[in-house]
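Residue numbers (the numbering used here): -18 to 79.
Next up, the structure:
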């Protein structure tokens, strides 16, 4: 006679039921939604808004663009401010290049 075959052993690790998995997923999703909904640090508006390393928008509406290249005919000082003013719907006089 051969020995009876037992049911496969559970894999080592976390044994999470479907109910627990759904609860964990809902908690994580709620945390993400609340995290994106809350204002970031309750900003006071005194600091300039800098969405990336090349653009800074001051509270008074002045827009500064940081350009790593010098003007050698590629339009850094003329075309770039015009494009930026068009896209941001801002006054061209409020844009400066650094």
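All C-beta atoms, glycine included, are put in the ideal place defined by N, C-alpha and C.
| Item | Value |
| --- | --- |
| Backbone secondary structure at residue -5 - three-state DSSP | coil |
| Rounded distance between the beta-carbons of residue 53 and residue 71, thought under 8 Å | At roughly 26 Å, the Cβ-Cβ gap does not stay under 8 Å, so residue 71 and residue 53 are not in contact. |
| Exposure of residue 62, with buried meaning 16 or more beta-carbon neighbours within 10 Å | buried |
| Beta-carbon proximity list for residue 66, same chain, < 6 Å, skipping 5 on both sides | 73 and 76 |
| Residue 40 CB to nearest heavy atom of the ligand PLP below 8 Å | No copy of the ligand PLP occurs in the structure displayed, which carries no ligand at all. |
| 6 Å CB neighbourhood of residue 37 in its chain, flanking five on each side removed | 29, 31 and 45 |
| Bounding residues of the beta strand (DSSP E) (the contiguous stretch that carries residue 71) | That residue, residue 71, is in no beta strand (DSSP E); it is neither H nor E in DSSP. |
| Within-9 Å CB hit, residue 29 to chain B | Here chain B cannot be found, since the structure has a single protein chain. |
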